[in-house]
Each structure stands twice: as C-alpha cells, then as structure tokens.
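Sequential numbering from 5 applies to the sequence shown in the working numbering. Worksheet for the structure shown next.
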Amino acid sequence: MLTLRLTNYLHGTVRVKISGAIPERFINLCLARGIFLWGINKHNDDVYASLRLPDFFRIRPLARRSHNRVEAVGHAGFPFTLKRVRRRKMLVVGAVLFFVFLNLLTARIWFVDVSGHKEVAAERITGAAAAHGLRPGIAKADVDLKAVEKEMLLALPELAWVGVNLTGTRALIEVVEKTLPKAGDKSPAHIVAGKDGVITEVIAIAGQPAVKKGDTVKRGDLLIKGFAADPPPAARDQTPIITLPASYVRAAGIVKARVWYESYGEAGLAQEVLRRTGRKAVAVSLRADGHELALKRVADQPFTRFETEVVHKKLSGGRNSNFAVESIINIFHELVAERYEITVEQARDIARGKALAAVQDRIPEGAQVLTREVTTLQTAEPRFVRVKVMVETVEEIGQTMNINLQ
5 MLTLRLTNYL
15 HGTVRVKISG
25 AIPERFINLC
35 LARGIFLWGI
45 NKHNDDVYAS
55 LRLPDFFRIR
65 PLARRSHNRV
75 EAVGHAGFPF
85 TLKRVRRRKM
95 LVVGAVLFFV
105 FLNLLTARIW
115 FVDVSGHKEV
125 AAERITGAAA
135 AHGLRPGIAK
145 ADVDLKAVEK
155 EMLLALPELA
165 WVGVNLTGTR
175 ALIEVVEKTL
185 PKAGDKSPAH
195 IVAGKDGVIT
205 EVIAIAGQPA
215 VKKGDTVKRG
225 DLLIKGFAAD
235 PPPAARDQTP
245 IITLPASYVR
255 AAGIVKARVW
265 YESYGEAGLA
275 QEVLRRTGRK
285 AVAVSLRADG
295 HELALKRVAD
305 QPFTRFETEV
315 VHKKLSGGRN
325 SNFAVESIIN
335 IFHELVAERY
345 EITVEQARDI
355 ARGKALAAVQ
365 DRIPEGAQVL
375 TREVTTLQTA
385 EPRFVRVKVM
395 VETVEEIGQT
405 MNINLQ
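What follows is the structure, given as structure tokens:
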C-alpha cells in the first residue's frame with residue numbers, strides 16, 4: 005500500500021468527473037486498456053474517479069467512444085508540485101539561502117554563560133575562557149573544550165574544577181570554587197554562659213577558669229577568663245615580686261552544665277479536622293523569560309476555607325534550545341471543617357506531643373537528655389487538657405565574647 009501511494013505521488017494523479025448517459029461504459033473501456041481507476045463514487049448523475057497523470061492523456065478517445073465527457077476537477081503529486089516550484093524560483097532560492105544561513109549560525113557559539121561561581125567574578129571566568137579560544141562568534145569546530153578547561157584551571161587558581169558544555173549556540177561554563185580555610189579570630193575573648201544552669205564539667209584549654217563543678221550560673225556569667233594562666237608555684241618563687249598587667253588571650257575550653265527546659269501543650273476534647281469537599285478552582289498562567297501571563301484567573305478568596313496545590317510543568321523548545329516556557333497551575337481545593345469528640349487520654353497525648361515538640365526545638369543537637377517529666381495541670385475548663393513538660397539535659401553552655409580593649 006505504501007509503495008502504491010509513493011508511485012502514484014511520483015507519477016502524479018488526476019481526479020476526473022465523468023458525465024454522460026452511461027459512465028460505466030467508459031470505466032469498462034479504461035479497465036480493458038489497462039488504465040487503473042480508484043476512488044470511484046457517484047454524485048447525482050456524475051461519476052468521479054482518480055487515475056495517474058500519464059493515463060489521463062490516454063482517455064480522450066475512450067471518452068468519445070463511450071459518448072461521455074471527462075473533465076479534470078483536481079490534481080496532486082510530484083509533477084504538479086514541481087510545476088508550482090518552477091513558477092516561484094525566488095521562493096525556493098530564498099528557502100535554500102535561509103537554511104544555509106541558519107546552518108552557518110548554528111555552527112558557531114554566540115552565547116557564553118557561567119554557573120556555580122560565588123567569589124570569582126563571572127567577567128574573570130569569561131575573560132579567561134576568551135583568552136584560550138572560547139568566545140562569542142567562534143566556530144564550534146575551532147574550540148577544543150578539554151584544552152579550554154585545562155587552561156582555565158591554570159589561569160584561575162581559585163577554581164577547583166571547570167566544565168564546558170555546548171547546547172545549541174550556547175556554551176555553559178560550570179565551575180567549582182576551592183574552599184579556602186577561613187582565618188580564625190585571634191582577638192582576646194572570654195567564655196561566658198549562654199544559658200542558666202549548674203556546672204558539671206570545666207576544662208580550660210586557654211585562659212583561667214572562673215567557675216567550678218557545682219556552681220550555679222546565669223546567662224552571661226563569666227566561665228573562663230581571657231587571661232593567661234598563672235605560672236606554676238616554682239616559677240613564681242623565682243620571679244621578682246613585680247606586679248605585671250594581665251596578658252590577654254582568646255579563652256578556649258569546654259564548660260558543661262545541667263540545664264532545665266519547660267514547655268506547655270494544650271488540647272480540647274472537641275477536635276476539628278479539615279476535609280476536601282471535591283469543589284475546586286483552577287488558575288493557569290505561563291512564565292517565560294522572567295515574564296508571567298495569566299491565562300485563567302480565579303478570585304483572591306475562591307472559598308471560605310481552602311488549600312492550594314501548585315503544579316509546575318516545563319515546556320522546552322527542544323534539546324538544543326535555550327527557550328523554555330513553564331506553565332503554573334494553581335488548584336484551590338475547598339475545605340470543610342468536621343468536628344469530632346476525643347477522650348481525655350487522647351487529649352492528654354495530643355497536648356503532651358505539642359509540649360515535647362516545642363521543647364525539642366530549644367534543645368541543641370548533642371545535648372544529653374537526663375530526665376523528662378510530664379505533668380497534667382488542672383484547668384478551669386472541664387473540656388480542656390493542659391500538660392507541662394520539664395526536660396533536664398547536660399550540654400555545652402559556653403559562648404565566646406570578645407574583650408573590648410579600648
């Protein structure tokens with residue numbers, strides 16, 4: 005079937021109208037002469053059929069012999085397409101020139117972008133790339149990407165890795181910067197308490213301890229002084245009795261303390277849950293090149309209660325295209341509140357969970373939890389449960405505070 009269609013297209017086909025007393029006689033004469041007709045149908049008293057273009061020039065004597073009149077009403081195929089093209093030579097020339105020009109444009113790099121940089125300026129990166137052959141306007145075949153990556157690493161010692169990828173007419177330079185160690189603060193400082201607590205451990209690495217195990221401290225109290233440690237007794241005996249000013253240092257050490265946290269949680273016996281009703285409103289917009297176009301809008305408050313579901317879909321122009329359109333669909337689901345009753349024990353568990361969650365946010369990572377105490381409090385409302393949670397931890401409470409020497 006495909007071969008037959010291709011053959012008919014190459015030869016060209018003509019649609020004819022056969023008018024006369026006996027159109028069937030004309031069709032029989034054509035078949036007898038080996039002229040193939042297809043798509044035969046009758047409309048009123050006329051018969052329509054299709055045949056190949058070379059056979060069309062052979063049917064005139066057959067039409068006379070059968071006393072019918074044959075009229076061409078349509079045509080298709082390569083010969084007719086070629087005829088139209090010959091009439092519009094400039095259009096063909098223009099199309100050919102367009103594709104040639106397009107091929108020349110896509111064979112070059114016209115845009116150079118940079119990603120992954122933070123401290124190193126993009127202008128330095130693109131400048132280094134241009135110095136080694138990667139710049140806008142250069143032919144893709146003239147660029148050795150591996151060599152450019154290697155030379156850029158040598159030219160920019162701040163970079164740990166460079167990768168160059170070509171996408172269409174765009175070159176993307178991806179870089180990873182070296183992570184340099186930050187210079188530590190050497191200025192004199194004390195270590196003070198960041199929280200209230202009871203000291204359980206003091207280890208002074210630099211400076212002089214200001215507290216000992218068992219001491220109760222408040223937030224801001226001095227824990228380790230930022231003064232040089234006193235010399236050992238033997239050294240003091242050999243030193244002349246001269247009062248010298250204290251030598252400042254940056255205090256360092258570990259100070260742990262027992263810390264208590266307190267939190268509360270509440271829950272009522274009447275609970276409320278939000279459920280979707282099935283009704284929804286949909287807003288649709290398109291975003292391209294930083295601009296957004298609203299295709300379908302909804303009211304700012306489509307329902308009394310609702311929740312929003314956002315769906316993002318990216319429509320790319322193709323693998324080698326930098327142009328992308330993003331559709332944003334906002335679905336607003338209507339919600340209805342349903343009330344139900346729970347037991348006192350269930351309300352206590354809910355309140356306890358709220359209190360524990362609140363206190364957990366305040367406990368630092370690495371703290372050792374010693375005890376958790378949960379107490380149910382009496383309330384004036386019989387249908388309301390209130391819970392108190394007390395948590396005891398051992399944790400590092402020291403904070404560095406610079407010494408103002410002015």
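Every residue, glycine too, gets a C-beta built ideally from N, C-alpha and C.
For chain D, check one thing: does any of its Cβ atoms lie closer than 8 Å to the Cβ of residue i?
{"i": "Pro83", "result": "No chain D is present in this structure, which holds just one protein chain."}
Expressed to the nearest angstrom, what Euclidean distance is found between the alpha-carbon atoms of residue i and residue j?
{"i": "Arg262", "j": "Ala303", "result": "55 Å"}
{"i": "Ala274", "j": "Ser267", "result": "23 Å"}
{"i": "Lys151", "j": "Val329", "result": "Per the sequence presented here, residue 151 reads as Ala, with Lys not at that position. Their backbone Cα atoms lie some 35 Å apart in a straight line."}
{"i": "Glu377", "j": "Asn169", "result": "60 Å"}
{"i": "Ala135", "j": "Leu106", "result": "27 Å"}
{"i": "Asn493", "j": "Ile39", "result": "The shown model of the chain, from 5 to 410, leaves out residue 493, and the question about it has no answer."}
{"i": "Pro306", "j": "Thr383", "result": "39 Å"}
{"i": "Pro213", "j": "Asp200", "result": "17 Å"}
{"i": "Leu10", "j": "Ala25", "result": "35 Å"}
{"i": "Val288", "j": "Arg356", "result": "43 Å"}
{"i": "Val180", "j": "Ala143", "result": "26 Å"}
{"i": "Gly282", "j": "Ala164", "result": "54 Å"}
{"i": "Val97", "j": "Phe82", "result": "19 Å"}
{"i": "Leu35", "j": "Lys87", "result": "29 Å"}
{"i": "Arg68", "j": "Asn32", "result": "14 Å"}
{"i": "Val100", "j": "Ala159", "result": "44 Å"}
{"i": "Leu149", "j": "Ala126", "result": "18 Å"}
{"i": "Phe103", "j": "Met94", "result": "14 Å"}
{"i": "Leu339", "j": "Ile407", "result": "57 Å"}
{"i": "Ala341", "j": "Arg309", "result": "9 Å"}
Give the single residue among the options whose Cα lies nearest to the Cα of residue i.
{"i": "Lys154", "options": "Glu162, Gly167, Ala145 and Val340", "result": "Gly167"}
{"i": "Ala255", "options": "Glu276, Arg279 and Gly230", "result": "Gly230"}
{"i": "Ala285", "options": "Ala271, Gly272, Glu296 and Lys300", "result": "Lys300"}
{"i": "Leu374", "options": "Trp264, His79 and Val277", "result": "Trp264"}
{"i": "Pro161", "options": "His47, Thr183, Gly137 and Ile346", "result": "Thr183"}
{"i": "Val393", "options": "Arg387, Leu290 and Ile354", "result": "Ile354"}
{"i": "Ile22", "options": "Gly282, Ala76, Tyr13 and Leu10", "result": "Ala76"}
{"i": "Arg343", "options": "His337, Glu311 and Val277", "result": "Val277"}
{"i": "Thr85", "options": "Tyr13, His295 and Ala341", "result": "Tyr13"}
{"i": "Ile335", "options": "Arg390, Phe82, Ala361 and Glu311", "result": "Glu311"}
{"i": "Arg62", "options": "Asn45, Phe30, Glu205 and Pro140", "result": "Phe30"}
{"i": "His79", "options": "Ala99, Ala53, Leu101 and Phe103", "result": "Ala53"}
{"i": "Val395", "options": "Ile401, Leu409, Gln403 and Arg366", "result": "Arg366"}
{"i": "Glu205", "options": "Ile228, Leu226 and Val259", "result": "Val259"}
{"i": "Gln403", "options": "Arg37, Gly198, Gly120 and Gly137", "result": "Gly198"}
{"i": "Glu28", "options": "Ile333, Ala298, Val51 and Arg291", "result": "Val51"}
Answer with buried or exposed for residue i, where buried requires no fewer than 16 other C-beta atoms within 10 angstroms of its C-beta.
{"i": "Met156", "result": "buried"}
{"i": "Ala359", "result": "buried"}
{"i": "Pro65", "result": "exposed"}
{"i": "Glu399", "result": "buried"}
{"i": "Gly370", "result": "exposed"}
{"i": "Lys122", "result": "exposed"}
{"i": "Ala133", "result": "buried"}
{"i": "Gly224", "result": "exposed"}
{"i": "His47", "result": "exposed"}
{"i": "Arg323", "result": "Only weak support is given to the placement of Arg323: the predicted model assigns it a pLDDT of 47, under 50, and the question is left unresolved by the model."}
{"i": "His337", "result": "buried"}
{"i": "Ile207", "result": "exposed"}
{"i": "Pro386", "result": "exposed"}
{"i": "Ile44", "result": "exposed"}
Leaving out five residues on either side along the sequence, give the residues of the same chain with a beta carbon under 6 Å from the beta carbon of residue i.
{"i": "Lys317", "result": "Ser331"}
{"i": "Ala271", "result": "Ala351, Ile354, Ala355 and Val389"}
{"i": "Ala232", "result": "Ser251 and Val253"}
{"i": "Ala210", "result": "Val253, Ala255 and Ala256"}
Going along the chain, which residues of its own chain have a beta-carbon closer than 8 Å to the beta-carbon of residue i, five neighbours each way excluded?
{"i": "Asp117", "result": "Arg174, Ala175, Leu176 and Ile177"}
{"i": "Asp219", "result": "Val202 and Ile203"}
{"i": "Lys405", "result": "The amino acid at residue 405 is misidentified as Lys; the sequence shows Met. Only Ala193, His194, Ile195 and Val196 meet the Cβ criterion."}
{"i": "Gln372", "result": "Thr397, Val398 and Glu399"}
{"i": "Leu409", "result": "Pro192 and Tyr252"}
{"i": "Glu345", "result": "Leu273, Ala274 and Gln275"}
{"i": "Val348", "result": "Leu273 and Val389"}
Excluding five sequence neighbours on each side, which residues of the same chain lie with their C-beta closer than 7 Å to the C-beta of residue i?
{"i": "Arg352", "result": "Thr380, Val389 and Val391"}
{"i": "Val215", "result": "Ile203, Val206, Val221 and Leu227"}
Fill in: Cβ pair count under 8 Å reaching 3, the stretch 172-181 against the stretch 110-117
Enough Cβ pairs lie closer than 8 Å, so yes.
Worksheet item: Are the stretch 17-30 and the stretch 51-71 touching, with three or more C-beta to C-beta distances below 8 Å?
Response: In short, these stretches touch, since the Cβ pair count reaches three.
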